[in-house]
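Since the structure comes first, as structure tokens, the remarks are kept for the end.
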Amino acid sequence: RRKRVVTVALLFAAVSVFRSRRQAFLISSFLGPDYKRYKEIKNVPAVNSSAGTSKAGAISRKITVGDAVEMQETLDRHPETNVVNEDNNHEKSDNDDNSNQQQSNEPYVLLHIGPHKTGTTTLQNFLVSAHSKDLPFLKADNLVIPSEEDLPGTFHKMPMLNFAHCMLKNYKKDGGQLNVGMCNRIRKTFPPFLEKSYNASKNVIIVAEDLDRPTVDFDRIRYYLKPYTRIKIVATYRRLHDWLLSFYNQIIDLYMGKYASGEEEYPSFVEWVQQQYEDFHSRHTVELIKRYKQNGFLEVGVVNIHDETTTLMQNFFCNHVPNAKETCLVIRNGMWNTTKSNVGGSHEYERLIIKARYQGKFKYPMDKKGAEKLSRKLVKIMNKAQRGLVDHLGLQCLPDDLALELMKTEMKHEREFFPEWYEMRGGDIGLKIDFEKVSRTKLCSLNVDKILDIGILDKTVL
456 RRKRVVTVAL
466 LFAAVSVFRS
476 RRQAFLISSF
486 LGPDYKRYKE
496 IKNVPAVNSS
506 AGTSKAGAIS
516 RKITVGDAVE
526 MQETLDRHPE
536 TNVVNEDNNH
546 EKSDNDDNSN
556 QQQSNEPYVL
566 LHIGPHKTGT
576 TTLQNFLVSA
586 HSKDLPFLKA
596 DNLVIPSEED
606 LPGTFHKMPM
616 LNFAHCMLKN
626 YKKDGGQLNV
636 GMCNRIRKTF
646 PPFLEKSYNA
656 SKNVIIVAED
666 LDRPTVDFDR
676 IRYYLKPYTR
686 IKIVATYRRL
696 HDWLLSFYNQ
706 IIDLYMGKYA
716 SGEEEYPSFV
726 EWVQQQYEDF
736 HSRHTVELIK
746 RYKQNGFLEV
756 GVVNIHDETT
766 TLMQNFFCNH
776 VPNAKETCLV
786 IRNGMWNTTK
796 SNVGGSHEYE
806 RLIIKARYQG
816 KFKYPMDKKG
826 AEKLSRKLVK
836 IMNKAQRGLV
846 DHLGLQCLPD
856 DLALELMKTE
866 MKHEREFFPE
876 WYEMRGGDIG
886 LKIDFEKVSR
896 TKLCSLNVDK
906 ILDIGILDKT
916 VL
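Numbering (the numbering used here), first residue to last: 456 to 917.
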């Protein structure tokens with residue numbers, strides 16, 4: 456009987472010490488380099504103390520958001536004085552070798568920041584579907600995503616986007632869909648989810664392409680994600696010319712109604728790129744990554760959407776989501792259908808139809824659906840000779856200087872981020888060959904004025 460009592464007492468002591476060490480780890484993870492100063496201010500007992508369980512039990516409960524706030528306020532009330540920076544002023548010790556291991560064990564938030572038109576819809580659909588079905592592989596990898604209850608707002612089916620829109624400095628004034636009041640609600644609902652996830656050592660994934668906007672508030676991101684301090688940034692790379700074309704087609708799709716009704720002038724791709732290049736170049740993957748790194752987010756990853764040896768999903772979960780072994784296996788073995796995506800298309804014949812309508816070539820009322828229907832009909836009734844004539848006489852391509860800048864920019868990007876893959880594809884010569892193919896086809900627009908002037912639609916019955 457005495458042995459059982461001793462065994463139980465030792466067990467309770469061991470549990471208390473374990474909780475003490477775990478809580479100290481959580482606190483140190485939250486405060487990072489400031490942990491030593493916090494211990495000195497609050498006289499927190501050392502985790503390897505042999506003084507018994509009473510002191511250890513004092514910090515054995517789980518960390519809460521209140522704890523985190525109290526810790527930061529304590530540090531703010533005690534400005535740092537005469538404290539040696541451990542990272543810069545000590546000899547290398549055995550503990551230094553364990554720093555990478557500690558980071559790998561630290562729960563993280565992974566933010567996939569887009570940009571738009573780089574496959575974020577595919578990733579979002581996968582995560583939301585797998586999470587709603589409570590599938591085991593996410594649990595096995597300790598992966599969680601916030602639900603609409605955690606991130607309420609305008610985007611009901613994809614609540615992760617609500618987070619991104621609350622990160623815009625001036626909310627709706629910066630083009631966001633959530634106002635201050637809606638984001639204040641998230642400030643009440645989101646912390647409990649993060650607190651629970653952090654204490655359970657869960658890793659949170661948020662995929663939100665609107666985090667690519669230039670007015671994102673980086674300090675607000677850190678504030679909203681407390682108590683997590685390990686934040687990994689991932690973006691997907693798509694060649695600049697290909698990305699610009701895809702973005703243009705999406706914008707056209709969104710504004711087609713206004714173009715069809717004549718409310719706004721319908722720009723060609725060539726016109727749009729010349730007008731918008733500087734603005735959109737600053738939102739491309741490489742510039743986006745630079746901006747996050749400049750603002751203190753140093754753990755970053757770039758997914759190459761052009762890598763033919765893998766898929767976007769496999770590349771993301773197998774190479775950029777830490778410790779996602781089970782999820783990677785499911786995708787690699789083809790056990791999940793990932794065909795759903797947000798794919799745009801060319802609108803060139805719609806632009807031709809709209810311009811013809813307003814030149815009086817025909818008198819049908821014009822709206823978005825009407826333009827789409829008539830453009831499909833036009834392509835169908837035009838014979839190969841007519842389409843060849845359009846392609847020959849009516850193409851307007853990017854100016855040579857802009858095309859050259861695009862090509863050189865892509866060369867620079869791929870040498871920097873994917874050097875081995877780039878060389879396997881032929882390096883500069885391979886990219887130049889690929890670029891020259893598209894520079895006279897995909898990167899050109901129909902010169903609708905010239906096409907209409909030659910009378911090709913005058914005898915076409917729609």
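Ideal Cβ placement from N, Cα and C applies to all residues, glycine included.
As the structure is a computational prediction, the values presented were derived from the model and not from experiment.
Would you tell me roughly how many angstroms separate the C-alpha atoms of residue i and residue j, rounded to the nearest one?
{"i": "Q705", "j": "K897", "result": "15 angstroms"}
{"i": "G882", "j": "D822", "result": "46 angstroms"}
{"i": "P562", "j": "V659", "result": "8 angstroms"}
{"i": "Q814", "j": "F610", "result": "41 angstroms"}
{"i": "I661", "j": "E763", "result": "26 angstroms"}
{"i": "G521", "j": "P682", "result": "Any reading at G521 must be qualified, since the residue scores a pLDDT of 49, below 50, and its modelled position is unreliable; the value itself is stated next. Their Cα atoms are separated by approximately 10 angstroms."}
{"i": "L767", "j": "K713", "result": "34 angstroms"}
{"i": "N625", "j": "I707", "result": "26 angstroms"}
{"i": "E650", "j": "V741", "result": "32 angstroms"}
{"i": "C852", "j": "H802", "result": "16 angstroms"}
{"i": "Y490", "j": "D697", "result": "Confidence in Y490 is poor, its pLDDT being 47 and thus under 50, which makes the residue's placement unreliable; the coordinate value appears in the next sentence. Their backbone Cα atoms lie some 47 angstroms apart in a straight line."}
{"i": "D904", "j": "A826", "result": "17 angstroms"}
{"i": "D908", "j": "K832", "result": "21 angstroms"}
{"i": "N788", "j": "L859", "result": "41 angstroms"}
{"i": "F750", "j": "V671", "result": "According to the sequence provided, residue 750 is Asn. The question's Phe does not apply to it. Rounded to the nearest angstrom, the two C-alpha atoms are 11 angstroms apart."}
{"i": "F890", "j": "N654", "result": "50 angstroms"}
{"i": "F648", "j": "D605", "result": "6 angstroms"}
{"i": "N778", "j": "F872", "result": "22 angstroms"}
{"i": "Y804", "j": "S701", "result": "16 angstroms"}
{"i": "I884", "j": "V635", "result": "51 angstroms"}
{"i": "I906", "j": "R806", "result": "12 angstroms"}
{"i": "C783", "j": "P854", "result": "43 angstroms"}
{"i": "V652", "j": "M711", "result": "Note that residue 652 is Ser in the sequence shown here, rather than Val. S652 and M711: Cα-Cα distance of roughly 43 angstroms."}
Would you kindly check if the distance between the Cβ of residue j and the Cβ of residue i is under 8 angstroms?
{"i": "S723", "j": "S900", "result": "yes"}
{"i": "R693", "j": "I760", "result": "yes"}
{"i": "V728", "j": "L709", "result": "no"}
{"i": "I600", "j": "L582", "result": "yes"}
{"i": "D667", "j": "H571", "result": "yes"}
{"i": "E754", "j": "K657", "result": "no"}
{"i": "I809", "j": "A663", "result": "no"}
{"i": "L829", "j": "N902", "result": "no"}
{"i": "D665", "j": "A619", "result": "yes"}
{"i": "V564", "j": "L680", "result": "yes"}
Which residue's Cα is closest to the Cα of residue i: the options?
{"i": "K643", "options": "Y703, Y678 and Y692", "result": "Y678"}
{"i": "V758", "options": "N750, Q749 and I744", "result": "I744"}
{"i": "K922", "options": "N902, P647 and M862", "result": "Nothing about residue 922 can be read from this structure; the chain reaches only from 456 to 917."}
{"i": "M790", "options": "Q579, F648, V635 and F592", "result": "F592"}
{"i": "G918", "options": "N770, N580 and N750", "result": "Outside the displayed range of the chain (456 to 917) lies residue 918, so it cannot be described from this structure."}
{"i": "N774", "options": "I884, Q730, A690 and S894", "result": "A690"}
{"i": "V725", "options": "S894, F817 and K816", "result": "S894"}
{"i": "G717", "options": "A811, Q579, E875 and L886", "result": "A811"}
{"i": "Y747", "options": "P669, E604 and N580", "result": "P669"}
{"i": "D734", "options": "Y703, F772 and C621", "result": "Y703"}
{"i": "G910", "options": "C783, I676 and F817", "result": "F817"}
{"i": "L566", "options": "Y721, L633, F752 and P646", "result": "F752"}
{"i": "P646", "options": "E875, Q632 and I676", "result": "I676"}
For chain B, check one thing: does any of its Cβ atoms lie closer than 8 angstroms to the Cβ of residue i?
{"i": "E720", "result": "Absent from the structure: chain B. Only one protein chain is present."}
Given residue i, which residues of its chain have a CB within under 8 angstroms of its CB, disregarding the five upstream and five downstream residues?
{"i": "L695", "result": "H736, H739, L861, T864, E865 and H868"}
{"i": "P607", "result": "P614, N617, M637, R640, I641 and T644"}
{"i": "H586", "result": "L593, V599, I600 and S602"}
{"i": "L857", "result": "V728, Q729 and Y732"}
{"i": "L886", "result": "M862, E865, M866, E869, Y877 and R880"}
Compute the minimum distance between the beta carbon of residue i and the heavy atoms of the ligand PLP, and state whether it is under 7 angstroms.
{"i": "D672", "result": "The ligand PLP is absent from the structure shown, which contains no ligand whatsoever."}
Can you tell me where the beta strand (DSSP E) with residue i in it begins and where it stops?
{"i": "S602", "result": "Counting along the chain, S602 falls outside any beta strand (DSSP E), and DSSP gives it neither H nor E."}
{"i": "V893", "result": "First-last for V893: G882 to S894, but that is the alpha helix (DSSP H), not the beta strand (DSSP E)."}
{"i": "Y626", "result": "Run containing Y626: none; DSSP gives neither H nor E here."}
{"i": "I568", "result": "Taken as a continuous stretch (DSSP letters only), I568 belongs to no beta strand (DSSP E), as it is neither H nor E."}
{"i": "G756", "result": "V755 to N759"}
{"i": "V659", "result": "N658 to V662"}
{"i": "L807", "result": "Premise fails: L807 lies in the alpha helix (DSSP H), E803 to Y813, not in any beta strand (DSSP E)."}
I'd like the span of the alpha helix (DSSP H) that includes residue i, first residue to last.
{"i": "T691", "result": "Counting along the chain, T691 falls outside any alpha helix (DSSP H), though it belongs to the beta strand (DSSP E) covering R685 to Y692."}
{"i": "S701", "result": "L695 to S716"}
{"i": "S587", "result": "T575 to S587"}
{"i": "I641", "result": "V635 to N654"}
{"i": "L593", "result": "P591 to A595"}
Report all residues from its chain with a CB closer than 7 angstroms to the CB of residue i; omit the five preceding and five following residues, and keep chain order.
{"i": "N597", "result": "S656, K657 and N658"}
{"i": "A595", "result": "E781"}
{"i": "K824", "result": "none"}
With a CB to CB cut of under 6 angstroms and the five nearest residues on each side skipped, what residues in its chain are close to residue i?
{"i": "E719", "result": "K713"}
{"i": "D629", "result": "L623 and T670"}
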